[in-house]
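Participant: I have a structure I would like to understand better, so I am pasting it below and will then ask my questions one at a time.
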Amino acid sequence: MELDIVYVTYNSEKWIESCFASWIDKTGNNEVNIIVVDNASEDGTLKLLEDSRQKMSEYFRSFQIIRLDRNMGFGAANNVGFRQGTAKIVCFFNIDTEIMDTTMEALSKCLEGTEKDIGLWELRQVPYEHPKIYNPITWETDWCSGAAFAARRKAFEEVEGFEECFFMYAEDVDLSWRIRQQGYRIRYCPEALIRHKSYAVKGEIKFMQYAYGMRNNLLMRFRYGNLKDIVQGYALFVKMLIKNRMGRDFNRRFLSVMNSHWKLVPYIWRSRDRTKLKPHFYGMDYTETRQGAFYEYRPLAKKVKIMAFILDIGESGLEETVQCIERQTYPVIELHCVHSVKEIEAIVKDTGQDTWFSIMEASFRIYADHFETLAGAVTDGCEVLGSVNSCGQLPYNIGYYIFCSDFYEKYKDGKLDELCKEKAVRIEKQTVCG
497 MELDIVYVTY NSEKWIESCF ASWIDKTGNN EVNIIVVDNA SEDGTLKLLE DSRQKMSEYF
557 RSFQIIRLDR NMGFGAANNV GFRQGTAKIV CFFNIDTEIM DTTMEALSKC LEGTEKDIGL
617 WELRQVPYEH PKIYNPITWE TDWCSGAAFA ARRKAFEEVE GFEECFFMYA EDVDLSWRIR
677 QQGYRIRYCP EALIRHKSYA VKGEIKFMQY AYGMRNNLLM RFRYGNLKDI VQGYALFVKM
737 LIKNRMGRDF NRRFLSVMNS HWKLVPYIWR SRDRTKLKPH FYGMDYTETR QGAFYEYRPL
797 AKKVKIMAFI LDIGESGLEE TVQCIERQTY PVIELHCVHS VKEIEAIVKD TGQDTWFSIM
857 EASFRIYADH FETLAGAVTD GCEVLGSVNS CGQLPYNIGY YIFCSDFYEK YKDGKLDELC
917 KEKAVRIEKQ TVCG
């Protein structure tokens, strides 16, 4: 498969070497064309790009560097890069990302096995996954993060690429919604991991994201929302301004960015006829979010056997729940459907010490990052880790647990259910959700 990979740089010298070095021996069977668009960097970015082009030439089909004479912003620069390629699939990766061992293999598998109406595929960012909600069965989502995604060239062309007036932030949401208006769907690929150095610490507040995120949130409300959405957007802006705790200079710069939205409103308003989706706004977010995404992804410290048990007590959705478990990024070696905890005890009584067990009810869904929160117990050495049932669907609290065989040996003979209720650690309120 031929792929165009577009990167945008702007004073990005600290990311260049690690970004391209991560590609060594990882292109697989793909013919990869690298296209880098530089937004008039003033540091050593261009020199490092030239060095990387020389060092990495054997790993790529081609390596282009395009230098712009001014900073056009993230979306506009990506559009420039897109027009330089011809591959049917185009990937847009942030320059502060790194390819991992299985990234391209997993992405290729996702691309090759997909339906023709999928327009965008989002890769999974680690160590911190993007927190927006997605369907853990079908992997469909309302929009995809611009940090790492693949696009069908035909779909991208139909909507004329990124909206360039956004400069940065929310242009990925706008692109996703316009592509969906054309009848395409968007798919998340949780098995296609890509390392993204997005935050120095989890939940870090960055000025550009804070300011342009709010400005463009207002523009999105003018383009896609109603009068109530717009009024709520301005109320949110005032609230952010009043509650700011970062000093007068921060607010001054914030106001400067926000004031720039007025000249864009007429253009955005004229394009309102493009939307048919009638999407909802969730404050600064564009879909519901889930807890757990800021759990730090870590590979398992040792090879272990993970057995999953689904309690089928007559609830609907068993088949989908099985699919959900089978699609987790940590491998579930054995999957059993049972009707009672005693059945679990009979199955696991002869297992070894390096075996870990998980339990969940039928008709529940668990996200990839939530499974890793629980599987992290293997690395941390916890005895039991779990979450009570926060969805209110069942009369007892055995939502999801994972524990080791040593723990089981201490509390077998029919006491497992009772003990799990007693000793569950409530660290993940939305670990499972129906």
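Numbering (my numbering), first residue to last: 497 to 930. Yeah, the Cβ is synthetic: ideal placement off N, Cα and C, and Gly gets one too.
Do A536 and L564 have their C-beta atoms within less than 7 angstroms of each other?
Facilitator: In this structure, L564 lies closer than 7 angstroms to A536 by Cβ.
Participant: When the Cα atoms are used, what is the spatial distance from Q677 to Q819?
Facilitator: Distance between the alpha carbons of Q677 and Q819 is about 29 angstroms.
Participant: Drop a sphere of 10 angstroms on the beta-carbon of T931, count the other beta-carbons inside from all chains shown, and report buried for 16 or more, exposed for fewer.
Facilitator: The first residue shown for the chain is 497 and the last is 930, placing residue 931 beyond what the model contains.
Participant: Considering just the uninterrupted stretch of the beta strand (DSSP E) at F589, what are its terminal residues?
Facilitator: Taken as a continuous stretch (DSSP letters only), the beta strand (DSSP E) holding F589 covers I585 to F589.
Participant: Taking buried to mean at least 16 other C-beta atoms within 10 Å of its own C-beta, is V528 buried or exposed?
Facilitator: Counting Cβ neighbours within 10 Å, V528 comes out buried, since at least 16 surround it.
Participant: Tell me the residue span of the alpha helix (DSSP H) that contains G729.
Facilitator: Segment L723 to K739, the alpha helix (DSSP H) holding G729.
Participant: For E816, I'd like the list of residues in its chain whose CB is within less than 7 angstroms of its CB, leaving aside the five on either flank, ordered along the chain.
Facilitator: The residues are I633.
Participant: Quick one: what's got a C-beta closer than 8 angstroms to V937's C-beta in the same chain, skipping five residues either side?
Facilitator: This structure gives no information on residue 937, because the portion of the chain shown stretches from 497 to 930.
Participant: Smallest Cα separation from V576: which of Y665, F790 and D500?
Facilitator: Residue D500 is the option with its Cα nearest to V576.
Participant: Using 7 angstroms as the threshold, is the C-beta distance between F570 and M664 below it?
Facilitator: Their beta carbons are under 7 angstroms apart, which means F570 touches M664 by this criterion.
Participant: Return helix, strand or coil for Q889, following the three-state DSSP convention.
Facilitator: Low local confidence applies: a pLDDT of 34 at Q889 is under 50, so the model's placement there is unreliable, with the coordinate-based value given in what follows. Coil.
Participant: N574 by DSSP, collapsed to three states: which one?
Facilitator: N574: helix per DSSP, three-state reduction.
Participant: By DSSP, does Y720 sit in helix, in strand, or in coil?
Facilitator: It is helical.
Participant: Below 6 angstroms CB to CB, which residues in the same chain sit around M552 once its five sequence neighbours on both sides are set aside?
Facilitator: F516, listed in sequence order.
Participant: Buried or exposed for Y793, going by 16 or more other Cβ atoms inside 10 Å?
Facilitator: Buried is the call here.
Participant: Tell me whether R639 sits in a helix, a strand or coil according to DSSP, three-state version.
Facilitator: In the sequence on display, residue 639 carries Trp and not Arg. Note: W639 maps to coil in three-state DSSP.
Participant: Rounded to whole angstroms, what is the Cα-Cα separation between F556 and E513?
Facilitator: Their backbone Cα atoms lie some 15 angstroms apart in a straight line.
Participant: If we ignore side chains and look at the alpha-carbon of each, how far apart do Y506 and I675 end up?
Facilitator: Straight-line Cα distance between these residues: approximately 27 angstroms.
Participant: Name the two residues that bound the continuous alpha helix (DSSP H) containing E667.
Facilitator: From DSSP, the alpha helix (DSSP H) with E667 extends over E667 to Q677.
Participant: When the Cα atoms are used, what is the spatial distance from D597 to R620?
Facilitator: Computed Cα separation, rounded: 14 angstroms.
Participant: Does the region 717-732 come into contact with the region 772-792, if we say contact requires no fewer than three beta-carbon pairs (one atom in each stretch) closer than 8 angstroms?
Facilitator: With the cut-off at 8 angstroms, the region 717-732 and the region 772-792 touch.
Participant: For T610, which residues from the same chain have a beta carbon less than 8 angstroms from its beta carbon, with the 5 sequence-adjacent residues on both sides left out?
Facilitator: Taken in chain order, the residues that qualify are W617 and R683.
Participant: In angstroms with no decimal places, state the Cα-to-Cα distance between M568 and I561.
Facilitator: Going from the Cα of M568 to the Cα of I561 covers about 16 angstroms.
Participant: Can you have a look at Y730 and say buried or exposed, based on whether 16 or more other CB atoms are within 10 angstroms of its CB?
Facilitator: Answer is exposed; the Cβ neighbour count stays below 16.
Participant: Given a cut-off of 7 angstroms on the beta-carbon distance, is the pair D495 and E659 in contact?
Facilitator: Only positions 497 to 930 of the chain appear in the structure, and residue 495 is not among them; the question remains open.
Participant: What is the rounded straight-line gap between the Cα of V532 and the Cα of R648?
Facilitator: Cα to Cα, V532 sits roughly 19 angstroms from R648.
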